[in-house]
Amino acid sequence: MIQGLIYSIISAFAFGSMAILVKLGYNAGMSGGDMMQYRFTYAVLVLLVILVIKDRSLLRISRAGLGKCAFLGMGVYWLQTTCFVSALATIPASTTSLVLYGHPVAVTLLSALFLKMKIDRVVVFSLILTMTGCCLVFYDAFLREVNTIGLMYAIGAMATFSCYLVLVQVLLKNMKPLTATFYVMLFAAISFTISGDPSAWLHPSLDRIVIGLSLGVVPGVIAVTFLYIAIEKIGSAYACIFSSVEPVVTLAAAAIFLKENVVLLQIGGAVLIIAGIVIPNARVLMMKRKLLNI
Numbered sequence: 000m001i002q003g004l005i006y007s008i009i010s011a012f013a014f015g016s017m018a019i020l021v022k023l024g025y026n027a028g029m030s031g032g033d034m035m036q037y038r039f040t041y042a043v044l045v046l047l048v049i050l051v052i053k054d055r056s057l058l059r060i061s062r063a064g065l066g067k068c069a070f071l072g073m074g075v076y077w078l079q080t081t082c083f084v085s086a087l088a089t090i091p092a093s094t095t096s097l098v099l100y101g102h103p104v105a106v107t108l109l110s111a112l113f114l115k116m117k118i119d120r121v122v123v124f125s126l127i128l129t130m131t132g133c134c135l136v137f138y139d140a141f142l143r144e145v146n147t148i149g150l151m152y153a154i155g156a157m158a159t160f161s162c163y164l165v166l167v168q169v170l171l172k173n174m175k176p177l178t179a180t181f182y183v184m185l186f187a188a189i190s191f192t193i194s195g196d197p198s199a200w201l202h203p204s205l206d207r208i209v210i211g212l213s214l215g216v217v218p219g220v221i222a223v224t225f226l227y228i229a230i231e232k233i234g235s236a237y238a239c240i241f242s243s244v245e246p247v248v249t250l251a252a253a254a255i256f257l258k259e260n261v262v263l264l265q266i267g268g269a270v271l272i273i274a275g276i277v278i279p280n281a282r283v284l285m286m287k288r289k290l291l292n293i
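0 is the number of the first residue of the sequence shown in numbering that gives the first Met the number 0; add one for each residue after it.
So, in structure tokens, the structure goes:
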């Protein structure tokens with residue numbers, strides 16, 4: 000459980016940077032499609048270098064595995080990411096993150112329904128804490144001007160991301176995380192290149208390269224790889240609960256880079272989120288200690 004916690008938090012920190020980087024990309028005149036095209040292409044190239052140096056056998060994949068990665072990368076991941084960047088084009092980063100972070104509840108319910116995960120009182124309490132914390136962290140988001148279409152995109156991102164996390168646990172169960180990350184990213188890069196503007200590569204600039212590479216490495220390679228490892232270790236529902244630190248990261252980054260105000264109530268929300276992460280993990284540690292003492 001401890002390893003899963005650590006991997007989930009690393010992934011959350013990396014994913015938490017995405018909303019900020021996308022906003023900076025929009026400010027630099029990039030389109031959402033261009034950013035995701037750069038993000039996934041750079042991620043694939045970085046991963047390819049890592050796999051060639053680390054272990055070329057990780058590039059081997061069965062036809063069935065390739066089909067599963069194609070479905071996730073060209074279908075589910077493409078839809079979720081498109082909704083997410085479209086939401087960021089019209090509503091604040093904090094609002095988008097708030098809506099997206101309805102997914103721990105959705106994933107837990109889907110896991111209970113389809114994966115027979117047992118939901119006990121500790122899990123329910125942890126979910127209540129994390130979701131309440133998210134609401135407090137972004138309590139003023141909906142007091143701002145919220146574009147209805149942008150809000151619908153954010154809801155779509157939350158729904159598809161919830162399904163995506165459960166599907167990762169089911170479809171990629173016996174696949175090595177780095178292999179799965181590479182091929183899902185590869186198919187996502189193909190889908191965004193086809194649906195976007197391939198000629199964007201003909202007009203490079205320093206801003207495009209820096210933002211694209213940052214998107215590819217941080218909320219790309221690092222975030223997705225550690226998320227897959229976390230899901231492999233502890234399952235999608237616990238990975239979601241532990242990764243709820245992500246909106247705290249987004250809040251801090253938004254305050255620093257986007258000059259958004261942070262108030263005391265939002266800090267209190269961050270404390271609740273961290274409590275929601277600690278409680279189920281502390282319970283597991285106590286159970287292990289009891290077993291060792293028997």
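Cβ coordinates follow ideal geometry from the N, Cα and C atoms, glycine included. Model, not experiment: these values are computed from the prediction.
Drop a sphere of 10 angstroms on the beta-carbon of residue i, count the other beta-carbons inside from all chains shown, and report buried for 16 or more, exposed for fewer.
i, result
"A11", "buried"
"H102", "buried"
"S213", "buried"
"A63", "exposed"
"I118", "exposed"
"I221", "buried"
"I210", "buried"
"P203", "exposed"
"I208", "exposed"
"P218", "buried"
"R59", "exposed"
"I233", "buried"
"L264", "exposed"
"L201", "exposed"
"L205", "exposed"
"V123", "exposed"
"M3", "Correcting the residue identity first, residue 3 is Gly in this sequence and not Met. By the neighbour-count rule (16 or more Cβ atoms within 10 Å), G3 is buried."
"S85", "buried"
"G28", "exposed"
"S295", "The structure shown has nothing for residue 295, since the chain only spans 0 to 293."
"S161", "buried"
"S56", "exposed"
Please report how far the alpha carbon of residue i lies from the alpha carbon of residue j, in whole angstroms.
i, j, result
"A42", "K175", "17 Å"
"T224", "L177", "6 Å"
"G195", "V121", "44 Å"
"T180", "A18", "20 Å"
"L78", "G268", "30 Å"
"G72", "T80", "10 Å"
"L47", "Y25", "28 Å"
"M151", "D54", "42 Å"
"N260", "A254", "6 Å"
"N173", "L65", "13 Å"
"I154", "V98", "6 Å"
"V51", "L20", "28 Å"
"S93", "L250", "7 Å"
"I9", "S198", "34 Å"
"A13", "I5", "13 Å"
"Y227", "S61", "18 Å"
"S312", "A158", "Shown here, the chain extends from 0 to 293; a query on residue 312 therefore has no answer."
"L135", "R38", "31 Å"
Among residues of its own chain, excluding the 5 on either side of residue i, which ones have a beta-carbon nearer than 6 Å to its beta-carbon?
i, result
"S7", "A229, A238, F241 and S242"
"L271", "L128, T131 and G132"
"Y100", "C133 and P246"
"F83", "A156"
"G32", "G195"
"G74", "none"
"T40", "A188"
"Q36", "F191, T192 and G195"
Are there any heavy atoms of the ligand SAH lying less than 8 Å away from the beta-carbon of residue i, as far as the coordinates show?
i, result
"M157", "Because no ligand of any kind appears in the structure shown, any question about the ligand SAH cannot be addressed here."
In its own chain, which residues sit with a C-beta less than 8 Å from the C-beta of residue i, not counting the 5 before and 5 after it?
i, result
"V165", "V106, L109, S110, F113, L114 and S235"
"I295", "Residue 295 is absent from the model: the chain starts at 0 and stops at 293."
To which residues of the same chain is residue i closer than 7 Å at the C-beta, ignoring the five residues directly before and after it?
i, result
"Y76", "Y163, V183 and A187"
"I266", "none"
Since I believe residue j is in contact with residue i (beta carbons under 8 Å), could you give me their beta-carbon distance rounded to a whole number of angstroms?
i, j, result
"L23", "F256", "7 Å"
"V376", "I273", "Absent from the model: residue 376. The displayed extent of the chain is 0 to 293, so no value can be given."
"V45", "V169", "At roughly 27 Å, the Cβ-Cβ gap does not stay under 8 Å, so V45 and V169 are not in contact."
"L171", "K258", "39 Å between Cβ atoms; not a contact."
Check your understanding: Mind pulling the beta strand (DSSP E) runs of 3 or more residues that sit fully within the segment 207 to 271?
Key -> none
Practice item. Enumerate, from N- to C-terminal direction, the unbroken alpha helix (DSSP H) stretches of 4 or more residues contained entirely within the segment 39 to 100. Key: 62 to 69, 76 to 87 and 92 to 99
**Study point:** Start-end ranges of the alpha helix (DSSP H) lying completely within the segment 125 to 187, minimum 4 residues
**Key:** 147 to 170
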